[in-house]
Amino acid sequence: AKARGRNGYSFYTPSMTGEGVERLRLETFLRRSIEKDEIFLNYQPQVEIDTGRLIGVEALVRWNHPELGLIPPIRFIPLAEDTGFINQLGKWVLEEACRQMVRWQQAGLHVPKMAVNLSAKQFERGSIVNMVADILRETGLEPDRLQLEVTESVIMNTGDAMVFINDLHSIGVGLAIDDFGTGYSSLAYLKQLPVQTLKIDRSFIKDISTDVNDEAIAIAIIQLGKSMNLSVIAEGVETEEQAAFLLRHGCRLAQGYFYSKPVAAQDLLTRWHQP
Ligand code: C2E
Ligand code: CA
Ligand code: CA
Ligand code: CA
766 AKARGRNGYS FYTPSMTGEG VERLRLETFL RRSIEKDEIF LNYQPQVEID TGRLIGVEAL
826 VRWNHPELGL IPPIRFIPLA EDTGFINQLG KWVLEEACRQ MVRWQQAGLH VPKMAVNLSA
886 KQFERGSIVN MVADILRETG LEPDRLQLEV TESVIMNTGD AMVFINDLHS IGVGLAIDDF
946 GTGYSSLAYL KQLPVQTLKI DRSFIKDIST DVNDEAIAIA IIQLGKSMNL SVIAEGVETE
1006 EQAAFLLRHG CRLAQGYFYS KPVAAQDLLT RWHQP
């Protein structure tokens, strides 16, 4: 089933019946999506709240199937993880994101940092460090301009994640903890791992100025970041009130629809390029 979405995209919604069949069909399509040029990236700005300055972007993968339309990542990332396709997809995303940094640079736009999401499954594969190092060498992107985003559950549940993360750090790549506060974890790993950034999960930001619990959690994360000398980025900032609240409580960095939705590379260039 297809329905016209807001910006002219057709969003894919599976039929109520035949979930298994749908899944199989998606799986078959997904396997060929890269070679068929159906996969692309959008980029969401990360900004300094008080100045509006661009401090980085997060790469977010998109799949546009000619018949099914635009399929959201929550539908195909888990599928890609289950089938092992995530390794191919993850590599493609990383290459494209790094290439894009170089393209923007050549077009006169300096984007300080590129954040790329990593799945647990990509760690299980092993040679992630070599892959990242190869891509950095091939594209010529400086390692410290790349920041990999992993969730707490990736760190806690993946056997060798700690080792790989230390290896990534040793080649100069940054690490952010995604959806911080939503996974279950001991905070001890923060002491052991070379983490630079905490991303406050969107769920805590949503009702930040009305829900006392969300407010308390957000403030605690900001304080934790400050005392451990980590950058803190608030995710899912949609209103000026949320931004003002964050700034008041010492969180200087944000990402969310209030600033920009994820956009195509060219649109980012148009909006942020200063001649
Ligand atoms: P995430 O890493 O937490 O990414 C942030 C998600 O929140 C994105 O959804 C983004 O579009 C959305 N978002 C950003 N600002 C706002 C806001 O102000 N309000 C609301 N309501 N939403 C906002 P998206 O692009 O659908 O991605 C969903 C998830 O899919 C990501 O969550 C990430 O876990 C996964 N994902 C996306 N791209 C990749 C990728 O290249 N590799 C891997 N492994 N996972 C990816
Ligand atoms: Ca992320
Ligand atoms: Ca997140
Ligand atoms: Ca998430």
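Just so you know, we're using full-length UniProt numbering here: the sequence shown kicks off at 766 and counts up by one. In this text, a Cβ means the ideal position worked out from N, Cα and C, and glycines have one as well.
- With a contact defined as Cβ atoms closer than 8 Å, V919 and A880 miss out at about 15 Å.
- Around the beta carbon of Y808, 16 or more other beta carbons lie within 10 angstroms, which makes this residue buried.
- Between V938 and L791, the alpha-carbon positions lie close to 34 Å from each other.
- Here Q870 carries a helix assignment [DSSP, helix/strand/coil].
- Between ligand 3 and the CB of E1000, the shortest heavy atom gap is smaller than 6 Å.
- A Cβ-Cβ separation of about 6 Å places D815 in contact with L1012 under the 8 Å criterion.
- Under the three-state reduction of DSSP, P810 is assigned to strand.
- Close CB contacts of M921 within its chain, under the 6 Å cut and outside five residues either way in sequence, are with S950 (chain order).
- For D979 and L989, the gap between their C-alpha atoms comes out near 15 Å.
- If you draw a straight line from the Cα of I799 to the Cα of C863, it is about 17 Å long.
- Residue pairing by DSSP places T962 opposite A941, S996 in a beta bridge.
- When the beta-carbon positions are compared, I936 and P908 come within less than 7 Å of each other.
- Taking the C-beta atoms as reference points, L995 is found no nearer than 7 Å to A872.
- Annotated three-state conformation of T848 is helix, per DSSP.
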